[in-house]
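Trainee: One line per chain: the protein sequences are A and B, in this order.
Read in order, the letters of the first sequence correspond to residues 0 to 421 in numbering that gives the first Met the number 0.
Read in order, the letters of the second sequence correspond to residues 0 to 272 in numbering that gives the first Met the number 0.
Backbone N, C-alpha and C define an ideal beta-carbon position, used for all residues, glycine too.
Here it is, the structure in full.
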Amino acid sequence: MHHITLIGLNHKTAPVALRECIALSPDETIAMQAGLGEHPDISETVVFSTCNRVEVLMAAKNPENAVQVAKAFLARTKKVPVAQFENALYVHHDAAAFRHLFRVASSLDSMVVGEPQILGQIKEAYLAATRQKTSGPLLNRLLHRAFFVAKRIRTETGIGDRAVSISFAAVELGRKIFGTLENKKVMLIGAGEMAELAMEHLVRQRVGEIIVANRTFERGVAIARRFNGQAIRFDECQAYLKLVDVIIGSTGAKGYVITRDQVKRSLRGRRNRPLFFIDIAVPRDIDPQINRLANCYVYDIDDLKGVVDENIQDRKEEAVKGERIVEEGVVHFQQWYESLSVVPTIVALRKKIEAIVDGEIQHTLSSLNGLSDADRQALGRMRNALVKKVLHHPTAFLKRNGCQKDRTIYLDVARKLFDIDE
Amino acid sequence: MEILVLIACGFYFLSAAGYLFYLIFQKNYLQRVGFDLLLAGFICHTIALGLGWFHSGVIPVRNLYETLLTAGWATAGIFLVFSYRLRMKIFGIYAAPLITLIMIVATQVARVPVDARPLFNNFWLVVHILTIFLGEAALALAGGAGVLYLIQEQAIKTKRHGFFYKRLPSLELLDGTGYACLISGFTLMTFGLVTGIIYAKSVWGHFWSWDPKEIWAGITWLLYAALLHERLTVGWRGRRSAILAIIGFAVIVFTFLGVNFFLQGHHGEFTRL
């Protein structure tokens with residue numbers, strides 16, 4: 000009987016300094032899978048590594064031994080002594096390993112709960128493992144179940160629904176105002192890392208024209224070129240208020256760059272089309288009073304942070320539903336996993352009974368003389384019927400779904416009662 | 000007819016419940032169920048009104064009971080057409096309870112039909128009644144879109160994103176839906192008023208008689224005309240447009256019922272209890 004074992008470390012157990020020492024490159028992952036696969040004790044293996052975690056999944060006859068082998072392998076591959084990372088490692092067997100894998104795959108264990116990348120990374124690693132043929136019947140089934148659980152959690156809970164980054168929260172708000180951001184005109188005032196990040200998100204939403212206003216015109220031109228936009232002089236902002244729909248403020252200016260009066264004057268010319276200000280500058284660029292004007296919406300960095308915090312809270316609530324789905328998945332998989340060990344037990348049981356009956360028949364026959372062939376055949380039939388009848392009830396009982404929860408206990412008892420393991 | 004009206008009433012009620020559950024749980028099938036139930040109710044409702052018309056030989060607006068039944072029918076019909084065209088799933092949360100409310104009120108009022116006079120089957124009168132009812136139903140929906148717009152705008156402006164923020168669509172869609180309802184409602188109502196004036200000329204000999212009902216109908220029309228004018232010329236939209244759509248709907252309700260109860264006029268018999 001093979002056991003499924005998982006060892007690994009992640010952002011919760013290991014600091015980034017340690018994670019970067021242990022993280023495996025794709026080549027190292029392949030080498031590790033191949034190396035572990037050759038070990039006689041380990042029948043199947045899948046390894047995956049991201050910037051936040053390294054996980055080694057194995058099916059092995061002797062799990063303790065397999066763990067030692069994997070540790071040694073990691074140490075050798077990364078040239079780091081085992082003692083240095085041993086404390087950060089977690090080891091899970093069977094049900095605990097399934098649960099861990101399901102939680103990782105459905106992003107319940109991620110640094111940002113609900114992020115969608117991890118599932119793709121695991122799928123890729125699994126694909127590599129199947130190509131290398133290091134994954135077998137046990138892990139194939141386990142990983143397929145993990146993908147199924149992850150997909151179910153994504154569709155049935157809102158775990159990945161809401162934006163959890165500042166720039167994506169701004170995009171989400173934009174969609175609640177405009178319906179779609181497609182072809183909306185965007186003006187970027189100033190420049191900054193976060194402003195450019197927000198811009199990238201907006202570009203992905205296929206916004207229309209992009210206008211960049213910067214105090215240093217040359218710098219503005221450089222940014223505009225990056226986003227395929229148009230640079231304007233800083234004092235032209237006012238004129239462009241009439242044309243654009245989204246304005247990102249990100250200058251280092253001390254006072255407000257866009258004032259309430261400026262916006263108010265442009266409203267009529269805009270025919271009251273909505274105007275969305277994203278102010279990520281500190282100190283602020285956009286006068287907060289603008290938010291009180293009709294069809295104008297101003298979100299500063301704290302407002303956006305507030306939205307993000309709210310969304311993270313939402314995700315946490317959704318994650319609770321996700322945990323329940325994981326538990327269901329674990330129970331499901333365990334049923335299948337345990338049914339694997341029922342068959343060998345029944346086979347062993349049958350052999351044991353047959354051996355006892357055969358022994359006794361031999362013993363009796365040796366003292367009986369003058370039996371015809373027909374008599375012998377009748378005895379043979381009796382022997383078969385006896386074995387069948389003795390085993391009928393125990394077999395049915397072990398196979399029955401009724402004792403699923405404690406099947407391991409019953410299997411253990413059956414093995415002990417009939418002294419099978421000796 | 001009676002039993003069909005009650006069945007329709009039941010369907011509308013269940014549809015409202017369906018939309019309420021959709022609002023809370025956000026499952027698409029709930030919206031589907033709500034829509035289908037409303038459609039089923041509308042079919043029963045149509046058959047009931049058709050039978051009533053067939054038996055009495057006149058359009059069923061002879062008393063408050065029948066008038067409300069027709070109003071409910073028009074609202075359901077307009078909603079079905081609009082939700083088919085506009086794809087705003089959540090709109091039913093306003094329409095289904097409104098229709099249910101109209102129907103429940105209808106079943107609670109007494110029903111003494113006025114005498115079926117031959118002039119009831121005048122072509123201009125039938126067109127007048129149908130277009131006015133359909134137009135007012137569309138304007139009722141415009142008021143609903145206005146309410147939803149204000150709720151959503153409030154959430155975005157105050158930055159407190161609660162229960163409704165997630166569930167309501169974008170401001171653009173809410174505003175656009177309200178506008179579409181407004182345009183079609185105003186067109187139908189204009190048509191209804193014109194045919195009513197023609198009918199008045201053919202029966203009483205003059206187009207306009209300064210009857211309270213006529214005055215209030217004129218006020219309603221002017222209100223909506225002003226709203227649409229502002230929208231088309233300077234782009235009045237969003238909050239102000241939503242508020243006016245709600246006020247407009249309140250004025251319609253008053254013109255529809257209030258005038259007959261508090262003021263007197265030549266439409267009085269249609270809402271007689």
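Work out the CA separation of V281/A and A252/A for me, nearest whole Å.
Mentor: Rounded to the nearest angstrom, the two C-alpha atoms are 9 Å apart.
Trainee: So who's on the other strand from V297/A, going by DSSP bridges?
Mentor: BP columns for V297/A point to F276/A.
Trainee: Tell me whether N368/A is buried or exposed, calling it buried when 16 or more other Cβ atoms sit within 10 Å of its Cβ.
Mentor: The residue is exposed, with fewer than 16 neighbouring Cβ atoms inside 10 Å.
Trainee: Pull up the distance between the alpha-carbon of E229/B and that of A73/B, whole angstroms please.
Mentor: Roughly 28 Å separates the two Cα atoms.
Trainee: On the criterion of 16 or more Cβ atoms from any shown chain inside 10 Å, does H1/A qualify as buried, or is it exposed?
Mentor: Answer is buried; the Cβ neighbour count reaches 16.
Trainee: CB V245/A to CB I188/A, shorter than 8 Å?
Mentor: Cβ atoms of V245/A and I188/A: not closer than 8 Å.
Trainee: Between A293/A and chain B, is there a C-beta pair that is closer than 8 Å?
Mentor: Chain B, which has a Cβ nearer than 8 Å to the Cβ of A293/A, makes this yes.
Trainee: Can you tell which of S183/B, L149/B, C180/B and G184/B has the C-alpha that lies nearest to the C-alpha of S169/B?
Mentor: Minimum Cα distance to S169/B is reached at L149/B.
Trainee: If the cut is a Cβ gap below 8 Å, which residues of chain B does V306/A touch?
Mentor: What V306/A touches in chain B: K158 and H160.
Trainee: Determine the direct distance from the alpha carbon of L126/A to that of L142/A, and round the result to whole angstroms.
Mentor: Spanning the two alpha carbons is a distance of roughly 11 Å.
Trainee: Please classify M110/A: is it buried, with 16 or more other beta-carbons within 10 angstroms of its beta-carbon, or exposed?
Mentor: So M110/A ends up on the exposed side.
Trainee: Sort out for me which residues DSSP pairs G56/B with in a bridge.
Mentor: G56/B is not bridged to any residue.
Trainee: Given Q120/A, which residues of its chain have a CB within under 7 Å of its CB, disregarding the five upstream and five downstream residues?
Mentor: Excluding positions up to five away in sequence, the list reads F47 and T49.
Trainee: Per DSSP, which one or two residues make a beta bridge with T4/A?
Mentor: Note: T4/A sits in a beta bridge opposite M57/A and H92/A.
Trainee: Quick one: using the 10 Å Cβ neighbour count with 16 as the cut-off for buried, is E152/B buried or exposed?
Mentor: Per the 10 Å Cβ criterion, buried.
Trainee: Buried or exposed: which applies to S201/B, given that a residue is buried once 16 or more other Cβ atoms fall within 10 Å of its Cβ?
Mentor: Label assigned to S201/B: exposed.
Trainee: Considering just the uninterrupted stretch of the beta strand (DSSP E) at V185/A, what are its terminal residues?
Mentor: Taken as a continuous stretch (DSSP letters only), the beta strand (DSSP E) holding V185/A covers V185 to G189.
Trainee: Taking 8 Å as the cut-off, does the stretch 98-105 of chain A touch the stretch 59-75 of chain A (at least 3 CB pairs, one atom from each stretch)?
Mentor: Counting Cβ pairs under 8 Å, fewer than three are found: no touch.
Trainee: Determine whether the beta carbon atoms of Q288/A and R259/A lie at a separation below 8 Å.
Mentor: Going by C-beta atoms, Q288/A is nearer than 8 Å to R259/A.
Trainee: Is the beta carbon of W123/B closer than 8 Å to that of T219/B?
Mentor: Contact flag unset, no.
Trainee: Throw me the rounded Cβ distance for the A33/A and Q131/A pair, which I believe falls under 8 Å.
Mentor: Yes, A33/A and Q131/A are in contact; Cβ-Cβ is about 6 Å, under 8 Å.
Trainee: According to DSSP, is G17/B part of a helix, a strand, or is it coil?
Mentor: Reduced to three states, the DSSP call for G17/B is helix.
Trainee: So, do the stretch 179-193 of chain B and the stretch 135-145 of chain B have three or more beta carbon pairs nearer to each other than 8 Å?
Mentor: The stretch 179-193 of chain B vs the stretch 135-145 of chain B: in contact.
Trainee: Measuring CA to CA, which of W215/B, L3/B and L133/B is closest to N259/B?
Mentor: The shortest C-alpha separation from N259/B is found at W215/B.
Trainee: Assuming G248/A contacts F276/A (C-beta within less than 8 Å), just tell me the rounded distance between them.
Mentor: G248/A to F276/A, Cβ: 7 Å. Contact.
Trainee: Within 8 Å of any Cβ in chain C, is that where the Cβ of V104/B sits?
Mentor: Considering every chain present, this structure includes no chain C. Its protein chains are A and B.
Trainee: Which stretch, first to last residue, makes up the alpha helix (DSSP H) that contains Q261/A?
Mentor: Note, Q261/A: alpha helix (DSSP H), R259 to L266.
Trainee: On the DSSP letters alone, give me the boundaries of the beta strand (DSSP E) that A230/A sits inside.
Mentor: Q229 to R232 is the extent of the beta strand (DSSP E) around A230/A.
Trainee: What residue range does the beta strand (DSSP E) around S444/A cover?
Mentor: Given a span of 0 to 421 for chain A in the structure shown, any question on residue 444/A remains unanswerable.
Trainee: Is G17/B close to chain A, meaning its C-beta is less than 8 Å from at least one C-beta of that chain?
Mentor: Closer than 8 Å: no.
Trainee: Near R238/B, what residues of its chain come up, given a Cβ to Cβ distance below 8 Å and the 5 sequence neighbours on each side ignored?
Mentor: Around R238/B: Y148, L149 and E152.
Trainee: Check this for me: beta carbons of V108/B and L63/B, under 8 Å apart or not?
Mentor: For V108/B and L63/B, yes; Cβs fall inside 8 Å.
Trainee: Can you pull the DSSP bridge partners for A212/A?
Mentor: Partner(s): I188/A and I231/A.
Trainee: If you check the beta carbons only, do I245/B and V146/B fall under 8 Å apart?
Mentor: Cβ atoms of I245/B and V146/B: closer than 8 Å.
Trainee: Excluding the 5 residues flanking G268/A on each side, which residues of the same chain have their C-beta closer than 7 Å to its C-beta?
Mentor: Excluding positions up to five away in sequence, the list reads K241.
Trainee: Shortest alpha-carbon distance to L348/A belongs to which of E317/A, E316/A, F177/A and L390/A?
Mentor: With distances taken between Cα atoms, L348/A lies closest to L390/A.
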